[in-house]
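In this note's numbering, the protein residues as written are 482 to 873.
Positions of the beta carbon are idealized from the N, C-alpha and C atoms, including for glycine.
To keep things clear, I will list the structure first and then write my remarks on it.
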Amino acid sequence: MPLIYLDNSATTRPLPGVIEAVRKSMAEGYGNPSSLHRLGMEAERAMEDARSEVANLLSVDRTEIYFTSGATESNNTLIRGVLSAYRHRGNHVITTAIEHPSVRGLCEQLEREGTRITYLPVDEQGRIDPEDVRRHLDPETILCTIMAVNNEMGAVQPLAQVGAILSQAPSPRPIFHTDAVQAVGKLNINWRHAGVDSLSISAHKFHGPRGVGALYLRRGLNLPPLLLGGGQERGFRSGTENTPAIAGMAEAARWLREEGFAGYARLHTLRQYLGDQIRNSIPDSYINGPAPGASADRGAPHILNASFPGVRGEVLVHALEEHDICVSTGSACSAKGAKEKTAVDIMPIGDARAEAAIRISLCPFNTQDEIDRVLSVLRKTVPALRRITRGR
Ligand code: PMP
Numbered sequence: 482m483p484l485i486y487l488d489n490s491a492t493t494r495p496l497p498g499v500i501e502a503v504r505k506s507m508a509e510g511y512g513n514p515s516s517l518h519r520l521g522m523e524a525e526r527a528m529e530d531a532r533s534e535v536a537n538l539l540s541v542d543r544t545e546i547y548f549t550s551g552a553t554e555s556n557n558t559l560i561r562g563v564l565s566a567y568r569h570r571g572n573h574v575i576t577t578a579i580e581h582p583s584v585r586g587l588c589e590q591l592e593r594e595g596t597r598i599t600y601l602p603v604d605e606q607g608r609i610d611p612e613d614v615r616r617h618l619d620p621e622t623i624l625c626t627i628m629a630v631n632n633e634m635g636a637v638q639p640l641a642q643v644g645a646i647l648s649q650a651p652s653p654r655p656i657f658h659t660d661a662v663q664a665v666g667k668l669n670i671n672w673r674h675a676g677v678d679s680l681s682i683s684a685h686k687f688h689g690p691r692g693v694g695a696l697y698l699r700r701g702l703n704l705p706p707l708l709l710g711g712g713q714e715r716g717f718r719s720g721t722e723n724t725p726a727i728a729g730m731a732e733a734a735r736w737l738r739e740e741g742f743a744g745y746a747r748l749h750t751l752r753q754y755l756g757d758q759i760r761n762s763i764p765d766s767y768i769n770g771p772a773p774g775a776s777a778d779r780g781a782p783h784i785l786n787a788s789f790p791g792v793r794g795e796v797l798v799h800a801l802e803e804h805d806i807c808v809s810t811g812s813a814c815s816a817k818g819a820k821e822k823t824a825v826d827i828m829p830i831g832d833a834r835a836e837a838a839i840r841i842s843l844c845p846f847n848t849q850d851e852i853d854r855v856l857s858v859l860r861k862t863v864p865a866l867r868r869i870t871r872g873r
C-alpha cells in the first residue's frame, strides 16, 4: 500500500521544484553572498530575489524580511530582542497557554530569569478571549506574543481583535508578535491589517526545506540580534547565509502564492468530511478544537485533532502505522521522549480525551481516497483496540 502521509503539521514533503532549487544553488550558485567576485555577487542576487519572494508571500516589504534557521530561532530572536530593547519600559509579557515550545519554553525560562509572564487560557475550541488581553495589559507590558494557528488542533486565534486592543493601549504600545508557522499560506490573513509587528515562519511547513525560515520585522522596529558574528542580514543575524535552503524556501513561497494557497483553501471541505465521518461513524469519538465545519476565522484547513477515549494516542499512531498511515499524537515538534504538556493537555477537555488525542494534518496533495482509507482503518482499529484495553 502506498504511504498516506497525514503529519503535515510536523513537516511537509519538499516539492520537486524546491529540491531542484536547492540542488542548483549548491551545484552552481555556491558563492558566499559576501564575496566580491562574480560568484559571490550572483549568490547575493539570488538571495535578494528570494527575499522578495518571501516578502510577497506575506505582503510586506523585502527590507522587513530576515532569514533565519527556522521559526524556533525567529521566535527566540524576537522575544529576547524585545525584552532586551524595551526592558526600561517594563517587564511583562502576554502570551497564550498553548504556544509552541519555542515560545512557551522560552517564556518559562524568562520567568525564571525574572520576567512577568501572563499565559492566557483557551476555551474548548482552543481560542483565547481577546478581552483577556485587555484585562491583563498594564503599563509594564512590552510584548504580546500570540500564535496565529495552533499546531496541534488548528485553532485560529483572533489576531485582528488583539491587534485592535493593543492599538488602543497607552503609548508606547506593546510589540505584537505572532508565530505564524501554521498559518502562512493556509489562511488569508492580512498581517499588516492585524497590526502585527513581527512574525515567524518555517519553510518546511509549506513544502520547503528544513532548517530555514524567516522573521518579518516591521520597519522601524530596531532590536538587538541574538547571534553576533560577521554581520550578515544587516547585522541582525550573523552567520554565512544558507543560500541553498533560502532558494528552496523562495521556491516553496512562490508555489504557495501561485497554487498552494488555493489548494489549502480546498482542504476545508476535506477536513470537514473527515471530522464529520469520524464523529458519525465511530462511537464515543470527539473532535478537539475547532469543529469540523469551522469557518476559516476559527479553524485552519489542514489540522484535525480527534480523540477516541479508551485508546491512547500513541497506541493508535502505531496501529495506523501498520496500515502505512502516518499521523501523530498532539505534537511531534518536540524531541522524541520529551514529556511536555501539550495544548490538548491544557485545553478544558479532560484527561481521557487528552491522552487519546491524535492529530491528522493534511496538505493539498492528500486526496479523498486517502481520507476514505484512513476512515475505514479507524472504523476497524478503534473498536478492536478498545476491546483489548477493556479486556473484552
Ligand atoms: N511554531 C509552530 C506553531 C510550529 O508548528 C513549529 C514547528 N513544529 C515551530 C514553531 C518551530 O519550527 P522549527 O522547528 O522549524 O523551528
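Delimiting residues of the alpha helix (DSSP H) encompassing residue i
{"i": "residue 799", "result": "794-802"}
{"i": "residue 567", "result": "552-567"}
{"i": "residue 742", "result": "742-762"}
{"i": "residue 593", "result": "582-593"}
{"i": "residue 538", "result": "519-539"}
Collapsed DSSP secondary structure at residue i in the structure displayed
{"i": "residue 682", "result": "strand"}
{"i": "residue 860", "result": "helix"}
{"i": "residue 717", "result": "coil"}
{"i": "residue 687", "result": "helix"}
{"i": "residue 624", "result": "strand"}
{"i": "residue 908", "result": "This structure cannot speak to residue 908, because the chain is shown only from 482 to 873."}
{"i": "residue 617", "result": "helix"}
{"i": "residue 502", "result": "helix"}
{"i": "residue 669", "result": "coil"}
{"i": "residue 597", "result": "strand"}
{"i": "residue 609", "result": "coil"}
{"i": "residue 786", "result": "strand"}
{"i": "residue 808", "result": "coil"}
{"i": "residue 848", "result": "coil"}
{"i": "residue 710", "result": "coil"}
{"i": "residue 791", "result": "coil"}
{"i": "residue 778", "result": "coil"}
{"i": "residue 484", "result": "coil"}
{"i": "residue 630", "result": "strand"}
{"i": "residue 828", "result": "coil"}
Per-residue burial, residue i [other beta carbons within 10 Å of its own, 16 or more giving buried]
{"i": "residue 671", "result": "exposed"}
{"i": "residue 488", "result": "buried"}
{"i": "residue 429", "result": "A query on residue 429 cannot be resolved here, the shown segment of the chain reaching from 482 to 873 and no further."}
{"i": "residue 863", "result": "buried"}
{"i": "residue 857", "result": "exposed"}
{"i": "residue 667", "result": "buried"}
{"i": "residue 761", "result": "exposed"}
{"i": "residue 689", "result": "buried"}
{"i": "residue 799", "result": "exposed"}
{"i": "residue 490", "result": "buried"}
{"i": "residue 511", "result": "exposed"}
{"i": "residue 703", "result": "exposed"}
{"i": "residue 869", "result": "exposed"}
{"i": "residue 660", "result": "buried"}
{"i": "residue 663", "result": "buried"}
{"i": "residue 686", "result": "buried"}
Alpha-carbon spacing of residue i relative to residue j, whole angstroms
{"i": "residue 719", "j": "residue 546", "result": "14 Å"}
{"i": "residue 747", "j": "residue 741", "result": "10 Å"}
{"i": "residue 568", "j": "residue 711", "result": "26 Å"}
{"i": "residue 784", "j": "residue 531", "result": "28 Å"}
{"i": "residue 867", "j": "residue 769", "result": "19 Å"}
{"i": "residue 827", "j": "residue 583", "result": "17 Å"}
{"i": "residue 493", "j": "residue 782", "result": "15 Å"}
{"i": "residue 757", "j": "residue 773", "result": "6 Å"}
{"i": "residue 575", "j": "residue 733", "result": "32 Å"}
{"i": "residue 643", "j": "residue 540", "result": "20 Å"}
{"i": "residue 779", "j": "residue 650", "result": "25 Å"}
{"i": "residue 647", "j": "residue 679", "result": "14 Å"}
{"i": "residue 548", "j": "residue 608", "result": "30 Å"}
{"i": "residue 645", "j": "residue 675", "result": "8 Å"}
{"i": "residue 860", "j": "residue 830", "result": "23 Å"}
{"i": "residue 485", "j": "residue 847", "result": "8 Å"}
{"i": "residue 619", "j": "residue 634", "result": "30 Å"}
{"i": "residue 805", "j": "residue 699", "result": "44 Å"}
{"i": "residue 497", "j": "residue 505", "result": "12 Å"}
{"i": "residue 792", "j": "residue 836", "result": "8 Å"}
{"i": "residue 708", "j": "residue 717", "result": "8 Å"}
{"i": "residue 813", "j": "residue 845", "result": "Residue placement at residue 813 cannot be trusted, given a pLDDT of 48 that sits under 50; what the coordinates show is reported in the next sentence. Their Cα atoms are separated by approximately 20 Å."}
{"i": "residue 789", "j": "residue 614", "result": "34 Å"}
{"i": "residue 652", "j": "residue 744", "result": "41 Å"}
{"i": "residue 589", "j": "residue 637", "result": "23 Å"}
Residue i, enclosing beta strand (DSSP E) - first and last residue
{"i": "residue 841", "result": "838-842"}
{"i": "residue 695", "result": "694-698"}
{"i": "residue 574", "result": "573-577"}
{"i": "residue 659", "result": "656-660"}
{"i": "residue 549", "result": "546-549"}
{"i": "residue 769", "result": "767-769"}
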